[in-house]
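**Q** Chains as they are written, first to last, in the working numbering: chain A, 1 to 398; chain B, 399 to 461.
Where a beta carbon is used, it is the ideal one built from N, C-alpha and C, also for glycine.
Got a structure for you, written out below as structure tokens; questions coming shortly.
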């Protein structure tokens, strides 16, 4: 069965309302779960916008995540250099290769292990709030709070010296910048690989009790593979939570009723975090999968080799799954959102991210009872130009 | 209700532990699912169903 085929669309990245997905995505979701999409290299593949279909593709082993099979969804991300295979980048591998890495790491990121980090994360958070308070109002929340907290936490977890943060934060920002040229992406990856490879070698000589040394001790991975894993975890570990902390704060400040509810009842932190994850969906490009064989999907045949882009943001606003999806409601049961993905590649660090946010938002609100934006809301610069959405800077006063 | 967990399929995301902590746990060694209560009481069934639904890898089933 083949349905009438609409013209291929290109993936929109700019948003009429900064915290809502692009309007076109909503319209296309209403029209159907899947439609043809023109990729940046001229490939005609697919775009999926409904919750059930997004989950179905992400859970289906007939769709591959191998980097060499993926077509780039948007223009400036034509980065052949970045689309190269690298040892240890298991996010871009299928089973059984993916399984070999994931199994070595899951034990390090369990709910219980992450809970054990709570006191340490509380301390890091309150130290940052002290520093922010000392520096005085107004301040950039990204620089003072949102970025350093997850950076400090992931550095401790991996055994990476935080003193080097300028270096890896610069490279990871370049890597995630959609306007970066292939050469700049290559430079950023090379910079991270070189830095972390040296670190892996030094851990072999002088091990500590953090994660990179732990991977060395398993004897199951070579230095190049451990380096790849470390690059992935370091970048994923701070950019994502940093943007959730800042964009989440921006969103709460713009929704005074929700902010007041969270201030009044800090036990709402858990559901507020899930709802902000759902509502904001900071992964705003992709993920992308490619069919390994001809596959029927919602009445269409996805041919082997065709790429499918899954819009997590559109899926998380699907009214078939979430009531009044465009309303922020921190008391709703938002679990089941796809902000951490779905299927075997679902975010490894999600339980860490949850704890950082459950501690971070309430601590920030407690410390500054009069927290407010220091510039008009519409002047806040949004990260439409980055692979991970958020705010570039968030000037706040108290 | 009877719960079955396939630890070969499990990716250790921890969603079951987060959703129904009284029924599920994770192995210290590799993070894969441990079912603490294979035949949960009626009071726990709603949580277990939600856990099965949110499991990213399809490792959980109920009969």
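1) So is residue 388 of chain A buried or exposed if we call it buried at 16+ other beta carbons inside 10 Å?
2) Here's the rule I'm using: 16 or more other beta-carbon atoms within 10 Å means buried, otherwise exposed. How should residue 201 of chain A be labelled?
3) Does DSSP put residue 47 of chain A in a helix, a strand or coil?
4) Is the separation between the beta-carbon of residue 50 of chain A and that of residue 33 of chain A shorter than 8 Å?
5) To the nearest angstrom, how far is the alpha carbon of residue 16 of chain A from that of residue 68 of chain A?
6) Does residue 334 of chain A come out as helix, strand or coil in the three-state DSSP assignment?
7) Have a look at residue 232 of chain A and residue 89 of chain A and give me their C-alpha separation to the nearest angstrom.
8) Leaving aside the five residues before and after residue 13 of chain A along the sequence, list all residues of the same chain whose C-beta is less than 6 Å from its C-beta, in chain order.
9) Under the three-state reduction of DSSP, which class applies to residue 11 of chain A: helix, strand or coil?
10) Hey, does residue 360 of chain A have any beta-carbon neighbour from chain B nearer than 8 Å?
11) Run through DSSP, which three-state label would residue 303 of chain A get?
12) Given a cut-off of 8 Å on the beta-carbon distance, is the pair residue 283 of chain A and residue 312 of chain A in contact?
13) Using a Cβ cut-off of 7 Å, pull out every chain A residue sitting near residue 429 of chain B, in sequence order please.
14) Would the beta-carbon of residue 260 of chain A be found less than 7 Å away from any heavy atom of the ligand FAD?
15) Any idea what DSSP makes of residue 37 of chain A, helix, strand or coil?
16) Let's test the definition: count the other Cβ atoms within 10 Å of the Cβ of residue 108 of chain A and tell me whether it reaches 16, buried, or not, exposed.
17) Would you say residue 454 of chain B faces chain D, with C-beta separation under 8 Å as the test?
18) With a threshold of 7 Å on Cβ separation, who are the neighbours of residue 408 of chain B within its own chain once the five nearest residues in sequence on each side are excluded?
19) On the criterion of 16 or more Cβ atoms from any shown chain inside 10 Å, does residue 327 of chain A qualify as buried, or is it exposed?
20) Excluding sequence positions up to five away, which residues of its chain have a Cβ less than 8 Å from the Cβ of residue 228 of chain A?
21) Where do the N-terminal and C-terminal ends of the beta strand (DSSP E) with residue 69 of chain A fall, by residue?
22) If I measure Cβ to Cβ from residue 321 of chain A and keep anything under 6 Å in the same chain, skipping five residues before and after, which residues do I get?
23) Threshold first: 3 residues or longer. Then list the beta strand (DSSP E) segments lying entirely within the segment 267 to 316 of chain A, N to C.
24) Is residue 59 of chain A close to chain B, meaning its C-beta is less than 8 Å from at least one C-beta of that chain?
25) Answer with yes or no whether the minimum CB distance from residue 445 of chain B to chain A is below 8 Å.
26) Would you verify that the beta carbon of residue 278 of chain A is, or is not, closer than 8 Å to some beta carbon of chain B?
27) Does any residue of chain A have a CB that is nearer than 8 Å to the CB of residue 426 of chain B?
28) Quick one: Cα of residue 94 of chain A to Cα of residue 307 of chain A, how far?
29) Residue 415 of chain A: which of A:97, A:377, A:55 sits nearest, CA to CA?
30) Thinking C-beta only, is residue 386 of chain A closer than 8 Å to residue 178 of chain A?
31) Near residue 261 of chain A, what residues of its chain come up, given a Cβ to Cβ distance below 8 Å and the 5 sequence neighbours on each side ignored?
32) Does the Cβ-Cβ distance between residue 55 of chain A and residue 342 of chain A come in under 8 Å?
33) Could you pull the DSSP bridge partners for residue 422 of chain B from this structure?
34) For the segment 437 to 447 of chain B against the segment 413 to 422 of chain B, are there 3 or more C-beta pairs whose distance is under 8 Å?
35) When the Cα atoms are used, what is the spatial distance from residue 226 of chain A to residue 257 of chain A?
36) Against chain A, does residue 458 of chain B count as a neighbour if the rule is that its beta carbon must be under 8 Å from one of theirs?
**A** Taking the structure as given:
1) Taking the first chain and counting its residues from 1, one reaches residue 388 of chain A at position 388. Classified as buried, residue 388 of chain A has 16 or more neighbouring CB atoms from the shown chains inside 10 Å of its CB.
2) By one-based count along the first chain, residue 201 of chain A stands at place 201. By the 10 Å Cβ count, residue 201 of chain A comes out exposed.
3) The residue given as residue 47 of chain A occupies position 47 in the first chain. Strand.
4) Sequence index remark: in the first chain, residue 50 of chain A carries index 50 (1-based). Sequence index remark: in the first chain, residue 33 of chain A carries index 33 (1-based). Yes; because the gap between Cβ atoms is below 8 Å, this pair is in contact.
5) Sequence index remark: in the first chain, residue 16 of chain A carries index 16 (1-based). Sequence index remark: in the first chain, residue 68 of chain A carries index 68 (1-based). When only Cα atoms are considered, residue 16 of chain A and residue 68 of chain A end up about 34 Å apart.
6) Here residue 334 of chain A corresponds to residue number 334 of the first chain, with the count starting at 1. If DSSP states are grouped into helix, strand and coil, residue 334 of chain A belongs with coil.
7) Taking the first chain and counting its residues from 1, one reaches residue 232 of chain A at position 232. Taking the first chain and counting its residues from 1, one reaches residue 89 of chain A at position 89. Between the C-alpha atoms of residue 232 of chain A and residue 89 of chain A there is a straight-line separation of about 7 Å.
8) The sequence position of residue 13 of chain A within the first chain is 13, counting from 1. Non-local C-beta neighbours of residue 13 of chain A in its own chain, meaning closer than 6 Å and more than five positions away in sequence, comprise 384, ordered along the chain.
9) In the first chain, residue 11 of chain A corresponds to position 11, counting from 1. Coil.
10) Within the first chain, residue 360 of chain A is the residue found at index 360, counting from 1. Answer no: the Cβ-Cβ gap between residue 360 of chain A and chain B never drops below 8 Å.
11) Start at 1 with the first residue of the first chain, and residue 303 of chain A comes out as number 303. Three-state DSSP puts residue 303 of chain A in coil, outside helix and strand.
12) The residue labelled residue 283 of chain A in the question sits at position 283 within the first chain. The residue labelled residue 312 of chain A in the question sits at position 312 within the first chain. Result yes, Cβ atoms of residue 283 of chain A and residue 312 of chain A sit closer than 8 Å.
13) The count along the second chain starts at 1 and reaches residue 429 of chain B at position 31. Residues of chain A passing the Cβ test: 106, 107, 109, 110.
14) Absent from the structure shown: the ligand FAD. Ligands present: none.
15) Sequence index remark: in the first chain, residue 37 of chain A carries index 37 (1-based). Here residue 37 of chain A sits in strand by DSSP.
16) In the first chain, residue 108 of chain A corresponds to position 108, counting from 1. So residue 108 of chain A counts as buried.
17) The chain inventory of the structure shown lacks chain D, comprising the protein chains A and B.
18) As a working mapping, residue 408 of chain B is identified with position 10 in the second chain. Result list for residue 408 of chain B: 430, 431, 455, 457, in chain order.
19) Locating residue 327 of chain A in the first chain gives position 327, where the first residue counts as 1. Exposed is the call here.
20) Translated into positions along the first chain, residue 228 of chain A becomes position 228. For residue 228 of chain A, the CB contacts under 8 Å within the same chain, skipping 5 residues up- and downstream, are 86, 87, 88, 89, 90, 193 in chain order.
21) Within the first chain, the letter at position 69 stands for residue 69 of chain A. Per DSSP, residue 69 of chain A belongs to no beta strand (DSSP E) and is neither H nor E.
22) If you number the first chain from 1, residue 321 of chain A lands on position 321. Cβ within range, chain order: 51.
23) Runs of the beta strand (DSSP E) inside the segment 267 to 316 of chain A: 288 to 291, 295 to 297, 300 to 302, 307 to 310.
24) If you number the first chain from 1, residue 59 of chain A lands on position 59. Cβ-Cβ to chain B under 8 Å: yes for residue 59 of chain A.
25) By one-based count along the second chain, residue 445 of chain B stands at place 47. Not one beta carbon of chain A lies nearer than 8 Å to the beta carbon of residue 445 of chain B.
26) Mapped onto the first chain, residue 278 of chain A falls at position 278. No, its Cβ sits nowhere closer than 8 Å to a Cβ of chain B.
27) As a working mapping, residue 426 of chain B is identified with position 28 in the second chain. Chain A, which has a Cβ nearer than 8 Å to the Cβ of residue 426 of chain B, makes this yes.
28) By one-based count along the first chain, residue 94 of chain A stands at place 94. By one-based count along the first chain, residue 307 of chain A stands at place 307. Here the alpha carbon of residue 94 of chain A sits roughly 15 Å from the alpha carbon of residue 307 of chain A.
29) In this structure chain A extends from 1 to 398, so residue 415 of chain A is not present and cannot be described.
30) Looking up residue 178 of chain A in the first chain gives position 178. Looking up residue 386 of chain A in the first chain gives position 386. Pairing residue 178 of chain A with residue 386 of chain A gives a Cβ-Cβ distance under 8 Å.
31) To locate residue 261 of chain A, count along the first chain from 1; it is residue 261. Excluding five sequence positions before and after residue 261 of chain A, the CB atoms of its chain that fall closer than 8 Å to its own CB belong to 268, 330, 331, given in chain order.
32) On the first chain, residue 55 of chain A is found 55 positions in, with the first residue counted as 1. On the first chain, residue 342 of chain A is found 342 positions in, with the first residue counted as 1. Yes; because the gap between Cβ atoms is below 8 Å, this pair is in contact.
33) Here residue 422 of chain B corresponds to residue number 24 of the second chain, with the count starting at 1. As DSSP reads the structure, residue 422 of chain B sits in a beta bridge with B:433.
34) By the criterion of at least three beta-carbon pairs nearer than 8 Å, the segment 437 to 447 of chain B is in contact with the segment 413 to 422 of chain B.
35) Within the first chain, numbered from 1, the residue matching residue 226 of chain A stands at position 226. Within the first chain, numbered from 1, the residue matching residue 257 of chain A stands at position 257. Cα to Cα, the separation comes out at about 46 Å.
36) For this step, residue 458 of chain B is matched to residue 60 along the second chain. It does not: the Cβ of residue 458 of chain B has no partner Cβ on chain A nearer than 8 Å.
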